Each structure stands twice: as structure tokens, then as C-alpha cells.
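Below is one structure, written out as C-alpha cells, with a few remarks after it.
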Amino acid sequence: MSSTDFATLVRDDRVLTPMYTDEAIFEEEMDRIFKNTWVWVAHASDVPTGNTFKTSWVGREPVIVTRDKQGKIHTLLNRCRHRAASVCEKRKGKASVFVCPYHGWSYDVDGKLRKVPHISGYGEGLDTDDYGLVSLRTEEYNGMIFATFKDDIQPLVEFLGSAKKWIDLFMKQGGGYGVKTLGEHRFRFPGNWKIQLENTTDAYHFPIVHKTFLDSLDPEAENVFQVLAHGGWVEDLGNGHSVMVMIPDLIDLEDNLDAPIPQRFEELAKELAAEGMPDDQVRRVVRAVGGSGFNLNLFPNVACSMAFFRVLRPIEVDETEIMHVAIGMDGGPDAANRMRLRLHEHFQGPMGFGTPDDAEGWERVQRGARAGQDLWVMVNRGVDAPEGVAAPGHNAGDVSAETGMRAAYQMWKRMMTA
Amino acid sequence: MSTIAEPLNRSDAAAAPSLQDAIQFVWAEADMLDRLDYKAWLPLWTEDGRYIVPTERDISDYDDRLNILNDDAEMRQARVKRLLSGFSMSSAPPARTVRTVSRFVPVVVEDGAITLRAAMIMVEYKYERMRTMAADVVYRIVSTADGLKLDRKIVTLVNCDDYQHGIGYLL
Ligand code: FES
Ligand SMILES: [Fe+2]
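So the protein lines, in turn, are chains E and C.
The UniProt record's numbering puts the first sequence at residues 1 to 418.
The UniProt record's numbering puts the second sequence at residues 1 to 171.
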């Protein structure tokens with residue numbers, strides 16, 4: 001497919017089926033999108049102190065995110081400059097040096113080539129300055145770490161733009177403590193990455209696909225999760241980012257601290273009070289435990305979703321890996337973090353009450369997309385937003401509108417035709 | 001946990017289930033799960049029984065870690081209700097499964113209870129596709145007036161810290 005054809009795949013309210021199935025399109029996306037913009041690689045708490053690291057990916061390329069002794073964060077291609085062996089195969093950990101296990105070249109955590117065994121074998125021919133691990137441009141906003149292959153694109157804060165406000169609101173679920181990652185569920189589904197990208201701001205599916213999750217809640221919580229019933233909205237935040245507000249009452253977790261404590265958090269509140277926590281702090285923590293009432297989708301690979309990060313990693317045109325990263329309160333009460341873990345397990349993960357059903361839906365989309373390559377995938381739902389909720393000048397629709405998908409596909413089109 | 005069978009820790013084995021009875025119990029449970037006989041599966045458990053599928057190997061404090069599942073009685077009931085409801089897209093219909101549990105090693109025999117280690121190999125079939133899963137499983141089985149009951153079942157998938165696919169049945 002030649003570059004000029006990409007524009008014809010995306011109209012304002014629909015996209016063509018080969019978007020999910022065509023290998024050539026997928027290859028181009030990996031170059032034009034994933035090697036060309038800010039891609040989420042880690043949360044700051046994954047590399048909490050000097051000489052800690054986490055392995056991750058930028059698009060399909062494996063990287064190591066490191067924090068050096070000065071506290072600076074680096075994103076390094078996980079590939080030895082000698083003969084390409086990966087230099088780190090651990091998920092996470094502490095290291096002051098990465099030693100390649102093949103011939104022993106060693107690298108500092110900022111990527112600098114430290115030592116080459118028997119370097120005399122190169123005569124005068126090897127300048128170690130030329131052979132550090134390839135280091136990507138890396139920037140952070142409120143704990144969210146992104147990397148890019150491009151040195152000349154806009155700074156991260158500009159790219160995030162209107163999404164920054166929502167990241168700040170999201171991080172209030174630290175309940176006055178910092179936010180830290182608590183563990184992650186990883187799962188794959190046989191389907192295209194954009195099918196998942198669409199899902200994070202798709203409230204329309206929630207009452208249907210997640211009926212058995214809703215049935216497992218107490219009546220009060222079930223009401224909270226009737227996401228179509230509370231006057232929420234979806235808003236295009238620019239650059240492909242969007243926010244879907246499902247529970248407007250839970251946009252700002254520092255509001256309404258006097259409200260009665262929901263039934264499902266009563267026991268936790270008692271436990272925290274019994275530990276001697278003052279009432280106002282108990283209320284703040286308890287309100288934060290359930291997470292924020294919105295999903296923020298950041299193009300192309302990460303979402304801040306209620307109480308976790310949802311990270312997508314494209315594998316093949318029809319294979320995608322999802323990581324649901326549980327987050328909790330850094331230094332916060334154990335009881336609160338345990339509750340967050342149990343809530344996360346309840347919905348998320350390969351055996352949760354929600355995720356397997358989502359994954360089944362996405363797989364069905366991929367299977368169905370084998371039929372009718374000339375048919376359009378419709379993302380044209382759009383009902384007017386409730387009065388005065390979206391930021392003025394923003395494109396918004398009611399909570400079940402497909403505004404978020406349209407935002408992402410317009411960004412896709414912009415990047416694929418640039 | 002080592003891969004070599006430790007010597008049996010035998011404190012007071014008087015009323016503990018025999019190894020043979022415990023193995024029969026495990027096989028009966030496996031058969032129930034493959035037949036989706038979840039209604040019969042629920043009463044196999046003690047009231048405080050815990051059913052855990054971790055995301056990490058070699059840990060002991062499951063409650064302070066993220067698991068794939070960590071179910072008490074209430075969550076097991078909710079889970080069975082969900083899987084049998086007909087409304088869960090991933091389990092209506094579920095993948096078909098055939099599992100075998102073997103390589104039993106008794107780890108602890110104590111008053112009225114036996115803890116076993118075992119290997120489980122399972123094949124699932126759905127959508128023109130077969131997948132194989134393998135797990136180390138720890139069972140704690142207790143003798144009660146109502147017969148043998150399952151008190152703990154910890155299913156550690158061989159790739160528990162790597163990616164899984166959606167699983168619409170019980171392990
Ligand atoms: S490949 Fe790394 S030292 Fe040779
Ligand atoms: Fe969903």
C-alpha cells in the first residue's frame with residue numbers, strides 16, 4: 001500500500017476494515033506512529049531510586065528504563081552494541097552496571113560503554129564513546145515516563161496538552177500519598193492493537209459485556225458502575241487523546257469528602273480508624289481507593305483507567321499484549337493497598353470478572369473482520385454532551401459517544417499521512 | 001519451594017487424610033472442573049478456604065501481592081454464578097478443557113490435614129485453536145465430619161509472570 005492511500009482508510013466517522021487485518025498497514029504504523037511520537041514506557045515508581053531499572057518496549061523494540069545515581073531517567077535500547085545480545089532479561093531490579101553475558105561488554109546505567117574485555121584486540125580501532133547503548137529521548141510528566149526515537153518532536157508536556165489536567169486528577173488516587181505500581185496482569189488477545197485502543201473510551205459496551213461483573217457487586221456499587229446513567233461524557237483532548245467520564249462525582253477525589261462512606265468501603269474505613277488514622281484522612285483514603293471516575297486514553301499506547309494503567313503493546317497485526325498495572329498508595333496504609341489489589345483482581349486480569357469478556361469481544365472483532373474488507377467499521381455514535389461539562393471549544397459527546405475513537409483515528413490519519 | 005521432595009513433616013498424622021484418598025479427591029475435583037460441574041465444586045471447600053492463582057513464583061504473602069485471583073468463599077460463589085450465568089461472553093460457551101494432575105508429593109501431614117504438591121497439565125480448545133497450560137499446584141486437604149474438604153489451592157502457572165490469554169473457566 002503506498003503512503004497516499006492511508007487517508008482513504010479513515011473518514012470522520014468510520015474506518016475501513018483492513019485497518020485491523022492488513023500486515024503492510026501494521027508495518028507502516030510501527031514506523032510512522034510508534035517510532036515517531038511519545039510512547040509510555042514506565043511509571044516513576046518502577047524505578048524508585050538510583051541504579052534501578054525496568055524493561056519495557058517502545059513499539060516493538062525492547063528497552064531498559066533506568067534511573068542513574070543522580071536520579072535522571074534513561075531509556076536504552078536493550079541491545080549490546082557488539083553483536084546485538086540483549087543485555088538485560090529481568091523485568092525489574094537494581095543494577096549499577098549492565099554486563100553483556102556474551103562477550104562481557106559492560107555499560108553504565110546511562111548507557112555509556114564502560115569496559116570492553118581485551119580491548120587491545122581492536123588496536124586503535126574502537127572508540128568506546130561511539131558504542132554506548134542507544135539512548136532514546138525520555139521525558140516525564142507527573143510520574144508518567146515516555147520515550148521517543150525522535151529528537152525533533154514537541155516536548156512531552158506540549159504533546160499531552162489538555163490531557164495533563166486529567167493526569168493530575170488521576171494521580172489524586174494516591175489519597176495524599178504518592179502513586180506507586182503494585183504489580184501487573186499481562187495478557188494477549190489475537191487482535192489488532194487499535195481494537196483495544198478503541199475500547200478504553202467505549203462505555204457503550206459496558207452494561208452488555210460486563211453484566212456479570214455488575215451482577216457480582218452490592219446494589220450501591222452496581223449503581224455506581226451503571227456508567228451510562230450518570231450524565232458522563234467523552235471529550236476529544238487533541239493529539240489523539242481523549243477522556244471518558246463515567247462517574248462525574250468521582251472526577252476530583254478531593255471533593256465531597258463529607259459524603260457517606262459507600263458500603264463496600266465501610267470495613268476498610270473501620271480498619272483505618274482502628275489503626276488511629278484521623279477521620280478526615282480516613283475519608284480521603286477511602287474515597288481514593290476505588291479510583292477515579294474516568295478513563296483517560298493517551299495516544300498511542302497508555303490509558304489511565306479508573307484505578308490502573310492500561311498499556312498496549314502491538315505484537316503483530318492480529319496479536320496485541322495488554323498490561324493492566326495495578327497502582328496503590330506509596331507509603332499508604334497496607335489495608336488500603338490490599339483492598340486496591342483485591343478490587344483489581346475482581347475486574348482485571350486473565351481470570352477477572354471483566355477482562356476475559358473484553359478480550360473475547362476484541363477477538364470476535366478480529367475474527368469478524370476477516371469478512372468484508374470493503375466494509376466500514378462505524379465509530380459514528382455521537383450524542384450532544386450534557387451542558388457545560390467539556391472544556392469550551394472541545395469536541396465532546398455523551399458518555400456512550402464514539403468521540404474518543406474518532407479522536408484517535410484522526411490522529412492516526414495525521415501521523416500516517418505526514 | 002524446592003523441586004526435590006523434602007522429607008515428610010509428620011507432626012500428628014493420626015487423623016490426616018491418606019495420600020491415596022487425597023489423590024482421589026484431587027482427581028475428582030479436576031474431573032468436575034473439566035465437566036464445568038461448578039455447583040458441585042463449591043461445597044468441596046472449607047468455609048475459610050482460599051483459591052489463589054498468583055502472578056509471581058516463590059512467594060508466600062499472596063494477600064499483599066497482585067494475583068490473577070485470590071478468592072474467599074464469597075468470591076468463589078460470585079465466580080461460579082458468573083461462569084454459569086450464560087451472560088459472560090468468554091465463558092458462554094467456554095473453551096473445552098482436559099487436564100491431568102500428577103507428580104504428587106506430600107509436603108506436610110498434620111492433624112487432620114495433608115498438603116500436597118502436584119503438577120497439572122491442561123489443554124484448552126476454542127476457536128480452531130489448542131493451547132497448553134502447565135502449573136504447579138499446592139492443595140491443602142482436610143478431614144471433616146462431612147468428608148474431605150479443600151482448604152487451600154494455589155495454582156502457579158509455569159508462566160505466571162508472563163502474559164496469559166483470557167481464561168473463561170476455572171484452573
Ligand atoms: S554481544 Fe554483547 S559483548 Fe558480544
Ligand atoms: Fe470493557
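Glycine residues also receive a C-beta, built at the ideal position from the N, C-alpha and C atoms.
Owing to the predicted nature of the structure, the values given are computational and were not obtained by experimental measurement.
Quick check on the DSSP output: the alpha helix (DSSP H) that includes residue i runs from which residue to which?
i	result
E/Glu-220	219 to 224
E/Gly-183	Looking at the DSSP string, E/Gly-183 is not in any alpha helix (DSSP H); the run it does join, the beta strand (DSSP E), is 178 to 189.
E/Ala-390	E/Ala-390 -> no alpha helix (DSSP H), and no H or E assigned at all.
E/Asp-358	355 to 368
E/Asp-279	279 to 289
E/Leu-197	193 to 199
E/Asp-249	Looking at the DSSP string, E/Asp-249 is not in any alpha helix (DSSP H), and its letter there is neither H nor E.
Taking the beta strand (DSSP E) that residue i falls in, what are its first and last residues?
i	result
E/Pro-314	308 to 316
E/Pro-62	61 to 67
C/Pro-106	96 to 110
E/Thr-75	73 to 77
C/Pro-54	45 to 54
E/Glu-319	319 to 330
E/Trp-40	39 to 43
E/Phe-294	294 to 298
Once you ignore the five residues that flank residue i on each side, which residues in its own chain have a CB closer than 7 Å to its CB?
i	result
E/Leu-250	Ser-292 and Gly-293
C/Asp-161	Thr-55, Glu-56 and Arg-57
E/Glu-139	Phe-146, Pro-155 and Leu-156
C/Thr-3	Note that C/Thr-3 scores 38 on pLDDT, short of 50, meaning its location in the model is unreliable; the coordinates nonetheless yield the value given after this. Around C/Thr-3: no qualifying Cβ.
So, at 8 Å on beta carbons, what are the nonlocal neighbours of residue i in its own chain, with the 5 sequence-adjacent residues on each side left out?
i	result
E/Gln-226	Pro-207 and Leu-214
C/Leu-170	Leu-33, Tyr-38, Trp-41, Arg-79 and Leu-83
E/Gln-70	Gly-50
E/Ala-391	Ser-162 and Glu-235
Ordered along the chain, which non-local residues of its own chain (more than five positions away) have a Cβ less than 6 Å from that of residue i?
i	result
E/Arg-406	Val-379
C/Leu-66	Thr-55
E/Thr-417	Phe-6 and Ala-7
E/Ala-269	Ile-261, Val-282 and Val-286
E/Gly-397	Val-234, Gly-382, Val-383, Ala-385 and Thr-403
E/Met-323	Glu-184, Arg-186 and Val-311
E/Ala-408	Leu-197, Gly-240 and Phe-299
C/Ser-143	Ala-15, Pro-17 and Gly-112
C/Leu-69	Val-53
C/Ala-5	Because the pLDDT at C/Ala-5 is just 48, under 50, the model does not fix this residue reliably, and the value given afterwards should be weighed accordingly. Once the five neighbours on either side are set aside, the close Cβ partners of C/Ala-5 are Val-105.
E/Ala-369	Thr-17, Tyr-20 and Thr-21
DSSP on residue i, reduced to helix/strand/coil?
i	result
E/Gly-132	coil
C/Thr-3	Only weak support is given to the placement of C/Thr-3: the predicted model assigns it a pLDDT of 38, under 50, and the question is left unresolved by the model.
E/Pro-207	helix
C/Pro-17	coil
E/Arg-381	coil
C/Ile-167	coil
C/Tyr-38	helix
C/Tyr-62	helix
C/Ser-91	coil
E/Leu-228	coil
E/Lys-112	coil
E/Tyr-102	coil
E/Ile-153	coil
E/Ala-401	coil
E/His-346	helix
C/Asp-161	coil
E/Tyr-409	helix
Among the options, which has the Cα closest to the Cα of residue i?
i	options	result
E/Trp-376	E/Arg-11, E/Lys-92, E/Asp-255 and E/Ala-401	E/Arg-11
E/Met-339	E/Thr-355, E/Asn-297, E/Lys-194 and E/Ala-288	E/Ala-288
E/Pro-62	E/Lys-90, E/His-82 and E/Thr-37	E/Lys-90
E/Gly-231	E/Asn-239, E/Glu-222, E/Tyr-20 and E/Ala-203	E/Ala-203
E/Lys-211	C/Met-120, C/Thr-46, C/Ser-91 and C/Asp-64	C/Ser-91
E/Ser-106	E/Gly-123, E/Gly-93 and E/Arg-79	E/Arg-79
E/Thr-181	E/Glu-158, E/Thr-52, E/Pro-48 and E/Lys-164	E/Pro-48
E/Leu-228	E/Gln-410, E/Ser-400 and E/Asn-36	E/Ser-400
C/Ala-119	C/Val-138, C/Val-107 and C/Tyr-127	C/Val-138
E/Asn-36	E/Arg-284, E/Gly-59, E/Gly-276 and E/Arg-188	E/Gly-59
C/Tyr-155	C/Gln-24, C/Ala-30, C/Leu-19 and C/Pro-94	Checking the displayed sequence, the identity of residue 155 of chain C turns out to be Val instead of Tyr. When each option's Cα is compared against that of C/Val-155, the closest is C/Ala-30.
For a contact meaning CB atoms closer than 7 Å, what does residue i contact in chain E?
i	result
C/Val-53	Met-351
C/Ile-167	Pro-350, Met-351 and Pro-356
C/Asp-111	The contacting residues do not exist; C/Asp-111 stays about 30 Å from chain E at best.
C/Leu-69	Glu-345 and Met-351
Strictly below 7 Å CB to CB, what residues from chain C border residue i?
i	result
E/Val-209	Met-89
E/Thr-212	Arg-82, Ser-85, Phe-87 and Ser-88
E/Gly-183	Thr-55, Arg-65 and Leu-66
Which residues in chain E have a C-beta closer than 9 Å to the C-beta of residue i? List them in chain order.
i	result
C/Asp-63	Arg-338, Leu-341 and Arg-342
So, does the CB of residue i fall closer than 8 Å to a CB anywhere in chain A?
i	result
E/Arg-188	The chain labelled as chain A is not found among the protein chains of the depicted structure, namely E and C.
Find the residues of chain C that neighbour residue i, judging by a C-beta separation of less than 9 Å, and give them in chain order.
i	result
E/Ala-326	Leu-66
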